[in-house]
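Each residue of the sequence shown is one higher than the one before, counting from 91 in the numbering used here.
We put the CB at the ideal spot given by N, CA and C, even for glycine.
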Amino acid sequence: MTLDDASRRLIDGNNFATIATVNPDGSPQTSVIWIGLDGDTVVFSSTTGRRKIRNIARDPRVSLTIFDIADPYRTIEIRGTVELTDDPDKELPHRLSHKYTGEDPPPESPEVKRVIARITPEKVIGFSL
91 MTLDDASRRL IDGNNFATIA TVNPDGSPQT SVIWIGLDGD TVVFSSTTGR
141 RKIRNIARDP RVSLTIFDIA DPYRTIEIRG TVELTDDPDK ELPHRLSHKY
191 TGEDPPPESP EVKRVIARIT PEKVIGFSL
């Protein structure tokens, strides 16, 4: 699925997203995350020990909601599946930190394992007043 220009602008902006994953017992789990674009996929960074990553490794279906910080009545929901890939150079958290804060992220120990989560949209629902 190709993202439209309005969705791309919302993702490219400094807007936070909330990702919903499915816990092992079937209950929902949500996390607020920083996001970026890579072609027609939405990417975010996380460490392998986080609940959302463990949930995605077991069940890759997610729902991602993004709202415009300047106009919270403008939102999109992206439903899709996630592919996880290792990020040994920790490039994505640096890129996202510069996007959101203009600075490098705090240093992490080499033992911290990061992954890139790539969401392939299957359905995009927009809303605005």
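Can you list, in chain order, the residues of its chain whose CB lies under 8 Å from that of residue i, leaving out five sequence neighbours each side?
i      : result
Asp194 : His184, Ser187, His188
Val133 : Ile125, Gly126, Leu127, Leu182, Ile206, Ala207, Arg208, Ile209
What is the rounded straight-line gap between the Cα of residue i and the Cα of residue j?
i      : j      : result
Val205 : Asp128 : 15 Å
Gly216 : Glu201 : 40 Å
What does DSSP give as the partner residue(s) for residue i in the beta ladder?
i      : result
Lys180 : BP columns for Lys180 are empty, so no partner.
Leu186 : Answer by DSSP bridge pairing: none, since Leu186 is not bridged.
Val214 : Ile168
Arg151 : Thr171
Asp161 : Asp158
Pro196 : For Pro196, which the question treats as bridged, DSSP gives no partner whatsoever.
Closest to residue i by C-alpha separation, out of the options, would be which residue?
i      : options                : result
Asp115 : Val122, Leu100, Arg148 : Arg148
Leu100 : Ser121, Thr92, Ile125  : Ile125
Glu198 : Ala207, Glu181, Thr120 : Glu181
Leaving aside the five residues before and after residue i along the sequence, list all residues of the same chain whose C-beta is less than 7 Å from its C-beta, in chain order.
i      : result
Gly170 : Val152, Ile209, Thr210, Pro211, Glu212
Thr111 : Gln119, Lys142, Asn145, Ile146, Val152
Ser135 : Asp177, Leu182, Pro183, Leu186, Arg204, Ile206
Can you list, in chain order, the residues of its chain with a C-beta nearer than 6 Å to that of residue i? Leave out the 5 residues immediately preceding and following it.
i      : result
Ile159 : Asn105
Practice prompt. Kindly confirm or deny that the stretch 139 to 159 and the stretch 186 to 201 touch, where touching means at least three C-beta pairs closer than 8 Å.
Written response: In this structure the stretch 139 to 159 does not lie against the stretch 186 to 201, because fewer than three pairs of beta carbons, one per stretch, are closer than 8 Å.
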